[in-house]
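Chemist: In this text, residue positions in the sequence shown follow the numbering used here: the first is 17, and each later residue adds one. Where is the CB? At the ideal position from N, CA and C, for every residue including glycine. In this text, all values refer to a predicted model and were calculated from it rather than measured experimentally. Once you've had a glance at the structure underneath, I'll fire off some questions.
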Amino acid sequence: MNPYGASVANVDQIRAAQVNPVAVSSFTSSKPGSSSIGCRAAGPVETADKSSFESYIEKAFIDELKLAGVYDPNSPLVINGHLEELDFNSSIGAGKWIMRLAVSTKEESGYTVESIHEFSTNWVADKACQQVAQAFAPAVQSLISKLVSDPRFQTLVK
Numbered sequence: 017m018n019p020y021g022a023s024v025a026n027v028d029q030i031r032a033a034q035v036n037p038v039a040v041s042s043f044t045s046s047k048p049g050s051s052s053i054g055c056r057a058a059g060p061v062e063t064a065d066k067s068s069f070e071s072y073i074e075k076a077f078i079d080e081l082k083l084a085g086v087y088d089p090n091s092p093l094v095i096n097g098h099l100e101e102l103d104f105n106s107s108i109g110a111g112k113w114i115m116r117l118a119v120s121t122k123e124e125s126g127y128t129v130e131s132i133h134e135f136s137t138n139w140v141a142d143k144a145c146q147q148v149a150q151a152f153a154p155a156v157q158s159l160i161s162k163l164v165s166d167p168r169f170q171t172l173v174k
């Protein structure tokens, strides 16, 4: 998997929400510490630095917040994240990453977003699994887009 690259659209969406400075707690997961998923018979699809999926998504979200100028690790407003689901399908014609993330703060019970990021796959296992890995960072961008474009995001961070 490639390192995360922030999305200009996500950064713009965060800025448009006129977010108060926020901190982010360590994200949790229904499968804590998982950094790889088996792909066909070709072996695992795993994060580049072997960090957990929830840590990768947490860092990606922080990167977006930093670029939007609203990240403050000392802010009393702390966003919590729980990765409820993360999986993929590498079948021919049905390649997709499925992610579900719940967010909350101490003051707000929050909400859950689900993102299904589709991509093309190959019938050759090695190639298809490479496509799965290449689609991960864009899939995380899509998940963060769903998170920050949701009208409840403004309530969460005010």
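Would you call glutamate 70 buried or exposed, if buried means 16 or more other Cβ atoms sit within 10 Å of its Cβ?
Modeler: Counting from 1 along the sequence shown, the entry for residue 70 is found at position 54. Under this definition glutamate 70 is a buried residue.
Chemist: When DSSP labels each residue in this structure, what does threonine 128 get in the three-state scheme?
Modeler: Position 112 of the sequence shown, counting from 1, holds the residue named residue 128. In the structure shown, threonine 128 sits in a strand (DSSP, three-state: E or B).
Chemist: Please look up how many angstroms separate the CB atoms of alanine 22 and glutamate 80, rounded, as I've assumed it's under 8 Å.
Modeler: Locating residue 22 in the sequence shown gives position 6, where the first residue counts as 1. Locating residue 80 in the sequence shown gives position 64, where the first residue counts as 1. Confirmed, Cβ separation roughly 5 Å.
Chemist: Under a Cβ-count criterion, where at least 16 other Cβ atoms within 10 Å of its own Cβ denotes burial, should glutamate 97 be classed as buried or exposed?
Modeler: Reading the sequence shown from its first residue, position 81 is the one you call residue 97. In the sequence on display, residue 97 carries glycine and not glutamate. Glycine 97 should be labelled buried.
Chemist: From Val94, Cys145, Ala58, pick the residue whose C-alpha is nearest to that of serine 106; which is it?
Modeler: Mapped onto the sequence shown, residue 106 falls at position 90. That would be Cys145, whose Cα lies nearest to the Cα of serine 106.
Chemist: State the Cα-Cα distance for the pair serine 46 and alanine 64, rounded to the nearest angstrom.
Modeler: Along the sequence shown, one-based indexing puts residue 46 at 30. Along the sequence shown, one-based indexing puts residue 64 at 48. Rounded to whole angstroms, serine 46 to alanine 64 spans 21 Å at the Cα level.
Chemist: Excluding the 5 residues flanking valine 35 on each side, which residues of the same chain have their C-beta closer than 6 Å to its C-beta?
Modeler: Reading the sequence shown from its first residue, position 19 is the one you call residue 35. For valine 35, where only same-chain residues beyond five positions count, the Cβ hits under 6 Å are Val86, Val173.
Chemist: What first and last residue would you give for the alpha helix (DSSP H) that runs through lysine 174?
Modeler: The sequence position of residue 174 within the sequence shown is 158, counting from 1. No alpha helix (DSSP H) holds lysine 174; DSSP gives it neither H nor E.
Chemist: For the putative contact between glutamate 124 and methionine 115, defined by C-beta atoms under 8 Å, what is the C-beta separation to the nearest angstrom?
Modeler: Taking the sequence shown and counting its residues from 1, the one referred to as residue 124 is at position 108. Taking the sequence shown and counting its residues from 1, the one referred to as residue 115 is at position 99. That belief does not hold up - the Cβ atoms of glutamate 124 and methionine 115 are roughly 21 Å apart, past 8 Å.
Chemist: Starting from the N-terminal side, write out each stretch of the alpha helix (DSSP H) that is 4 residues or longer and does not extend beyond the stretch 48-94.
Modeler: Whole alpha helix (DSSP H) segments, 4+ residues: 69-83.
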